[in-house]
């Protein structure tokens, strides 16, 4: 049992940056180039650990602590999330609320750190992050409520480890709506196209980079790592909703889970290659449509009596 | 989606295999590294304009970047010393990941444009882990173009200051190296190395993307002479 | 006094008006059908500053030149800007270069931060000695709730330096003011003097992306002053190079627009395709930007039949590729949603601001030097004008696409039928005390060079005007009330030259 | 009970002493401080002793104190049950903190007012609020309630020099009196039904459902006005900012909560309501929560922002109450218990963190002499204590893990999610909509407090150059941290926030005690375990996060040894001369979200974008108009004013007429007694 928990944590700690590498490679394919190596995110983090940190005289400890707090919060959220067949180290009735709130904590401190620099550029990123974040949170909760209703559990590990196994047969359309809505939320929360473009580096349009424009060295490494873990957690959540099928062979299931994650990363890469960004003032519409999707899903459940 | 895929396959993967394979041939008229014809002359690559109507005879060789300012001066006596790799410690740090900030300091925009070309699929700088980033805080070095006009000097220093150590400085183009064509102007300075320490000099007006790429890769030890 | 593109006029023949007459004449003409193409100062014989204005009569292919004297004691005159927006930057330039106060100028701020040319007291009290471009009286919207966003001079992308100051509330731009001058290298004074060999190199570096355009304009000024008539072949090669330059830049811009809209494939493909055209220029001139091609008296590199054939083959292939990729770009709803309605300049505003070139054409202004003031090759091969309807980012992208196709057609027509002959006829000495003008439609628009020769056969005054000089204000104005996140896209759609503005 | 009586007598005696010595500022302040500490100490002791009585099986036990026939129709009958004790707990904590703060705050007060009177009134307020909380007789309750309204009116108008303060005070008086009228009717009906004005008899009485609904509506309006439900809230954002800081804290922390207490007391008395009552409460709660936080986002003044946040939090509390009522109506006691417990716990938590926020905001205003957030900035370095304490308050009010707000919001979420499991379609719809509302409130609150904290404390001071003296701007020199008397209470409250977040078990247990008093039912041990155990697991997750944080910090420290830290300017694109305007303002920060919700709010931006080529000076101002104030209450007040003018003849001004009124009143009383 302890070995399994250890494995769970190892995957949680080690695997996430690889997803970014896979997305990068997919995008490189569409651009007709070789592109950065798969392990580039690891190289970047390694490099940043060997650089000094530069701080602005305006900042306080909040600026310095924020990357650590947010990364710790995100990793703590990871201890609630089942990966493949690995039960999470901690689970309890109602842990999904904590799961979402840990992300909220991570966002809160990063936004404060951005405001700590006293620059309008970071302020812009902070305002955008906070605005979109609070809109995506409601859809997140509604989706989780639907999943809870379907699996009759308030614990992520029970929902994702078998809780939904019969739901696809019973209320498939609902799950499709939930998946779509979750996917949109994933794109928003992780600043991917069409909300934000990780490729462009222009202060005025970004969210992901402008909010940490002043972070450097190890702090930046933590931020990048935390973002990778966040993407990883969202992706594994979504994958767990989509594929509930298990052969109940530990190795095969695990391998399959990783395969799904890789496919998922490729999918994000494809989306990023085939869509343009939305205008920033249209992003709320996207969030709103994500919300509508899950409202629809919810209505279907109520009408069908799937609960 | 299908249309995108179709266009993608028509376009193909265009990245050149350089440095593993030989770089594509440059046309006859390309004015690369000068050939020292006479016995008495020395040519300062940082000061010439690579213009056709001068007395200099040009070869087709694009590798010209050097680690030291004095290596740019070609003379009959010695072989040109191209850029050397960074020391082992720096290579360990930057070997696979190097983020650069570009500062355009009074040039004519040609160097900037040909630096941008390195991000196109053909040269694909990203495959070496080299990337241009928005914030100097995220950067490991600056690429400076232009003769550092009086009005840009302070901004350049601020940017340099903002980059966390250890950091690299790359002077791109004749203007950055010596003031170039503008060196007579009171508004221009006479070489980036008179302002901040420079790790790599890439001459040209503007340098061909291959010259720049070659220089960067030599600096990172990906090409050894 | 009528002039034409590439024409010259003796200084003594330029009409001199009183200050009031000068002002009235310019305003009258510009409120009819003329526009202010150039307005600059130069030293008169008696040490007074002589202001010369060049008005463009687009429909008659003519230029009108007139001048007035400003005494150095009372270095002031009544500003044109309050009645004629087109004079805005010209007057600021004059104020800075000659320390002459345009009375009643609504926006009198320094432009490039340098000492004035006549060593008089600055009207900004020696602006050139202060820490440079930090001191600038930005327009500020009042109220504690407004915040300012300052971007630059060191930008996020690999672009030239300039400072953009936004007055914002939330994401909305209330006002944008653009402060340039960082690229100022003092090119105009450097051009003056006797060494024409050096000057031509400088002209190639006015704006590196417009090396052909500016060096052509320079060569035409020198040729006009020295009475040199270049061969048809040289004219053709200049035109080919100019169109290649246009193609490379327009395609690069479309790629950059795709990039800023976040559409990955086309930005990658266009980025690479731009390189194809640069490589053609490299094959032709030995430099990817065409530096070293144009010299007074002709061009230095020939296109032989072999090369012409090879170019044609390649261009046909490139044309096909371009159509593929541009179809992809212009058929994506998500891309068009980003382009449409962003940064609109109405035709009326465009006319008042005096937009030129591509940006003007996107707002329905029929301004194209190749058509309105055709000279050289353009007298024989007409390129149809490409107009946009909406004046937004979309229109500017669409005009680019059209021009690319038309330039390709032009090249495919000209290349196989290149005239025979020499490519270079050495130019003789220049006529003294004469003013010559040349207009070239660079890829951004109307480039104008004005050279005034001195008695020794060099230039007493050399005035350069890049199209960006007209258009920067258009960009700032287009952003009012827009989302700040749309600025990079809108900026890219204008893609103006900092270097060409700052000189 | 005896402890509470001791506490009350200390208060009575000391307030008399204060009045006696009110000429001497020092003595009165000293008496005030020590009597406050003693009284609150005894009060807390009594409340805790009731809550901790593990053996207490019957909810309404406790020792009562009863004096018969003291008031016409009523009697002086007080007693502490678990519900009263729970509220007494939060009340004494907050009044202790606010009182000490007030002592520190008013010590340096040099104005015209007599601080002694203020202190005495403060004691009087504590006394009457205690009476409200422990009253077991409706008449006593109403009398105490009425006195409380007046006392708090005088405290609000402590700075009554200014027009706006007096206006706010009147608004408060008028609004609460509309409420008192409803309550009077309600208690009369209850009394008539039960045959007694004592709560004991009322509780024992069975009310028919229709009557229960009527009573609910009366309670809803009557207590809702006090609690500040939208649209009855209009007095609140005016009154809270007008009062001196410690009074604002007490108003927001406790007085507003008395509305909640009243509702809970009515629930304890009437017990069975029709389902729609719960649904109505839930809907109003959602509206109050979302509306409150949206209005808060649009505020530029820190105290107003906090006042609107009180409305938001009342919304969260009421969400718990509402789902509790719904659960009760469905006979799903699990839902009901957790819902009520969540409501109670959030009441406590809100009192603590809102008190903390008001006190620290007061310190900021005290130092900067302005309440406008857009004039502040960069205060974290100047006021480190206040900054840290405000940060803790912000994290708590946003319900973020590690702090007490999370625990109570988790309970409310839990109740709503259990509602999704245990109720029928109708219940599922409402509980899941409530989940969405709660999530939205949480997200918006986080947005609002990043804005408030960021704009006030972070960045650089927005008045640092060239603007001193203009429009009452601050200069850096006179910004100094307050002393221990100001800091101490805040530290106490902040510690409770952290304690409540890390060791939730005790407070949840207390909340369950209160819940038993509301429902009159014993909560099964299993259910208590099922609620408290997950919270302990959550603490484990947080401690895991803490371990990771420490590891990250260690790694960082190790690396910093090799690559030392360097200080320089904020990256500003290489621009040479920066201005303080180049940072986000509160208004700009909130604008995108207000724009999204503009259809629900009246969000106005004054100042148009100039289309001039060279625009002249313009300025911009934005505001959020309170819809219910302009649409509902202004017309209503107009009508009342007209109506009362018609009743003017009653007030003839002749002494004889008044004597007649008194006589008539006595006759009516006599007749009542005889019947």
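Chains as they are written, first to last, in the numbering used here: chain P, 87 to 393; chain W, 8 to 232; chain D, 852 to 1354; chain Y, 39 to 713.
By construction, the Cβ of each residue, glycine as well, lies at the ideal position given by its N, Cα and C atoms.
Exercise. Put residue 641 of chain Y into one of helix, strand or coil per three-state DSSP.
Key: Within the fourth chain, residue 641 of chain Y is the residue found at index 603, counting from 1. Reduced to three states, the DSSP call for residue 641 of chain Y is strand.
Practice problem: Determine the burial state of residue 950 of chain D: buried for a count of at least 16 other Cβ atoms within 10 Å of its Cβ, exposed for fewer. | Solution: By 1-based counting over the third chain, the position of residue 950 of chain D is 99. When all chains shown are included, residue 950 of chain D counts as buried.
Quiz item: Using a beta-carbon distance below 7 Å, is residue 659 of chain Y in contact with chain D?
Solution: As a position in the fourth chain, residue 659 of chain Y is number 621, starting the count at 1. So, interface residue.
Quiz item: From which residue to which residue does the beta strand (DSSP E) around residue 173 of chain Y run?
Solution: Residue 173 of chain Y sits at position 135 when you count from the first residue of the fourth chain. Premise fails: residue 173 of chain Y is in no beta strand (DSSP E) and is neither H nor E.
Quiz item: Is it right to say residue 999 of chain D is buried, meaning 16 or more other beta carbons lie within 10 angstroms of its own, or is it exposed?
Solution: For the purposes of this step, residue 999 of chain D is identified with residue 148 of the third chain, where counting begins at 1. That one is buried.
Practice problem: Answer with yes or no whether the minimum CB distance from residue 115 of chain W to chain D is below 7 Å. | Solution: Here residue 115 of chain W refers to the residue found at position 108 of the second chain. By this cut-off, residue 115 of chain W is an interface position.
Exercise. From the DSSP output, in three-state form, read off residue 992 of chain D for me.
Key: Here residue 992 of chain D refers to the residue found at position 141 when the third chain is read from its first residue. DSSP, read as helix, strand or coil, puts residue 992 of chain D in coil.
Practice problem: Measure from the alpha carbon of residue 373 of chain P to the alpha carbon of each residue in P:341, P:271, P:302, then state which is nearest. | Solution: Within the first chain, residue 373 of chain P is the residue found at index 287, counting from 1. Among P:341, P:271, P:302, the Cα nearest to that of residue 373 of chain P is on P:271.
Quiz item: If you draw a straight line from the C-alpha of residue 582 of chain Y to the C-alpha of residue 166 of chain P, how long is it?
Solution: For the purposes of this step, residue 582 of chain Y is taken as the residue at position 544 of the fourth chain. For the purposes of this step, residue 166 of chain P is taken as the residue at position 80 of the first chain. Each residue's alpha carbon lies about 11 Å from the other.
Quiz item: How about residue 214 of chain W: is its C-beta nearer than 7 Å to some C-beta of chain Y?
Solution: In the second chain, counting from the first residue as 1, residue 214 of chain W sits at position 207. No, no contact with chain Y.
Exercise. Taking only beta-carbon positions, decide if residue 968 of chain D is within less than 7 Å of chain W.
Key: The count along the third chain starts at 1 and reaches residue 968 of chain D at position 117. Residue 968 of chain D does not count as touching chain W.
Quiz item: Just the Cα atoms here: how many angstroms apart are residue 66 of chain W and residue 38 of chain W?
Solution: Here residue 66 of chain W corresponds to residue number 59 of the second chain, with the count starting at 1. Here residue 38 of chain W corresponds to residue number 31 of the second chain, with the count starting at 1. Cα to Cα, residue 66 of chain W sits roughly 6 Å from residue 38 of chain W.
Quiz item: Going along the chain, which residues of its own chain have a beta-carbon closer than 7 Å to the beta-carbon of residue 1304 of chain D, five neighbours each way excluded?
Solution: Here residue 1304 of chain D refers to the residue found at position 453 when the third chain is read from its first residue. Taken in chain order, the residues that qualify are 1076, 1281, 1282, 1283, 1284, 1285, 1310, 1311.
Quiz item: Residues in its own chain within less than 6 Å of residue 276 of chain Y by CB, not counting five upstream and five downstream?
Solution: Position 238 of the fourth chain, counted from the first residue, corresponds to residue 276 of chain Y. So the qualifying residues of the chain are 206, 209.
Quiz prompt | Span of the beta strand (DSSP E), counted from its first residue to its last, around residue 918 of chain D | solution = As a first step, residue 918 of chain D is located in the third chain; it is residue number 67 there, counting from the start. 913 to 921 is the span of the beta strand (DSSP E), which, as asked, contains residue 918 of chain D.
Quiz item: So, helix, strand or coil for residue 1145 of chain D, using DSSP?
Solution: Mapped onto the third chain, residue 1145 of chain D falls at position 294. If DSSP states are grouped into helix, strand and coil, residue 1145 of chain D belongs with the strands.
Practice problem: Consider the Cβ of residue 116 of chain Y: report whether some Cβ of chain D lies at a distance smaller than 7 Å. | Solution: Mapped onto the fourth chain, residue 116 of chain Y falls at position 78. Residue-level contact check: residue 116 of chain Y does not touch chain D, since none of the beta carbons of chain D fall below 7 Å from its beta carbon.
Quiz item: Can you tell me whether residue 24 of chain W is buried or exposed, with buried defined as 16 or more other CB within 10 angstroms of its CB?
Solution: Sequence index remark: in the second chain, residue 24 of chain W carries index 17 (1-based). Its Cβ having fewer than 16 others within 10 Å, residue 24 of chain W is exposed.
Quiz item: Which residues in chain W sit within 8 Å of residue 300 of chain P, going by Cβ to Cβ distance?
Solution: Here residue 300 of chain P is taken as the residue at index 214 of the first chain, counted from 1. What residue 300 of chain P touches in chain W: 142, 144.
Practice problem: Would you mind stating whether residue 265 of chain Y and residue 352 of chain Y have Cβ atoms separated by less than 7 Å? | Solution: Locating residue 265 of chain Y in the fourth chain gives position 227, where the first residue counts as 1. Locating residue 352 of chain Y in the fourth chain gives position 314, where the first residue counts as 1. In contact: residue 265 of chain Y and residue 352 of chain Y (Cβ atoms closer than 7 Å).
Practice problem: Could you tell me whether the Cβ atoms of residue 1128 of chain D and residue 1099 of chain D are closer together than 7 Å? | Solution: Stepping through the third chain from its first residue, residue 1128 of chain D is reached at position 277. Stepping through the third chain from its first residue, residue 1099 of chain D is reached at position 248. For residue 1128 of chain D and residue 1099 of chain D, yes; Cβs fall inside 7 Å.
Practice problem: Please compile the residues from chain W whose C-beta is within a distance smaller than 7 Å of the C-beta of residue 139 of chain P. | Solution: The sequence position of residue 139 of chain P within the first chain is 53, counting from 1. What residue 139 of chain P touches in chain W: 171.
Quiz prompt | Residue burial classification, residue 49 of chain Y (beta-carbon count within 10 angstroms, cutoff 16) | solution = Numbered from 1 along the fourth chain, position 11 holds the residue referred to as residue 49 of chain Y. With 16 or more Cβ atoms within 10 Å of its Cβ, residue 49 of chain Y is classed as buried.
Quiz item: Among residues of its own chain, excluding the 5 on either side of residue 216 of chain Y, which ones have a beta-carbon nearer than 7 Å to its beta-carbon?
Solution: Sequence index remark: in the fourth chain, residue 216 of chain Y carries index 178 (1-based). Result list for residue 216 of chain Y: 263, in chain order.
Quiz item: According to the neighbour-count rule (16 or more other Cβ atoms, all chains shown, within 10 Å of its Cβ), is residue 1277 of chain D buried or exposed?
Solution: Taking the first residue of the third chain as 1, we reach residue 1277 of chain D at position 426. Residue 1277 of chain D comes out exposed.
Quiz item: DSSP three-state call for residue 728 of chain Y: helix, strand or coil?
Solution: No information on residue 728 of chain Y is available, as it lies outside the stretch 39 to 713 that chain Y covers here.
Exercise. Let me know the secondary structure DSSP gives residue 1019 of chain D once reduced to three states.
Key: In the third chain, counting from the first residue as 1, residue 1019 of chain D sits at position 168. Residue 1019 of chain D falls in the strand class under three-state DSSP.
Practice problem: Using beta-carbon positions only, say whether residue 166 of chain W and residue 143 of chain W come within less than 7 Å of one another. | Solution: Counting from one through the second chain, the residue named residue 166 of chain W turns up at place 159. Counting from one through the second chain, the residue named residue 143 of chain W turns up at place 136. Their beta carbons are under 7 Å apart, which means residue 166 of chain W touches residue 143 of chain W by this criterion.
Exercise. For residue 227 of chain P, count neighbouring C-beta atoms within 10 Å of its own C-beta (all shown protein chains included) and say buried if the count is 16 or more, exposed if not.
Key: Here residue 227 of chain P corresponds to residue number 141 of the first chain, with the count starting at 1. So residue 227 of chain P counts as buried.
Self-check item: Other residues of its chain near residue 384 of chain P: CB distance less than 6 Å, five sequence neighbours each side excluded
Solution: As a working mapping, residue 384 of chain P is identified with position 298 in the first chain. Taken in chain order, the residues that qualify are 232.
Quiz item: With 7 Å set as the bound, which would you pick, yes or no: does the beta-carbon of residue 1150 of chain D sit closer than that to a beta-carbon of chain W?
Solution: Sequence index remark: in the third chain, residue 1150 of chain D carries index 299 (1-based). Residue 1150 of chain D does not count as touching chain W.
Quiz item: Is residue 1169 of chain D buried or exposed, if buried means 16 or more other CB atoms sit within 10 Å of its CB?
Solution: The residue given as residue 1169 of chain D occupies position 318 in the third chain. Answer is buried; the Cβ neighbour count reaches 16.
Quiz item: Among all the DSSP beta bridges, which residues are the ones paired with residue 178 of chain W?
Solution: Here residue 178 of chain W refers to the residue found at position 171 of the second chain. Bridge partners of residue 178 of chain W: W:151, W:208.
Quiz item: So, does the CB of residue 608 of chain Y fall closer than 7 Å to a CB anywhere in chain W?
Solution: Translated into positions along the fourth chain, residue 608 of chain Y becomes position 570. Answer no: the Cβ-Cβ gap between residue 608 of chain Y and chain W never drops below 7 Å.
Quiz item: Within this structure, are the beta carbons of residue 46 of chain Y and residue 170 of chain Y separated by less than 7 Å?
Solution: The count along the fourth chain starts at 1 and reaches residue 46 of chain Y at position 8. The count along the fourth chain starts at 1 and reaches residue 170 of chain Y at position 132. It is not a contact, given that the beta carbons lie outside the stated cut-off.
Practice problem: Figure out for me which residue from Y:382, Y:699, Y:492 has the closest Cα to the Cα of residue 123 of chain Y. | Solution: To locate residue 123 of chain Y, count along the fourth chain from 1; it is residue 85. For the set Y:382, Y:699, Y:492, the Cα lying nearest the Cα of residue 123 of chain Y is the one of Y:382.
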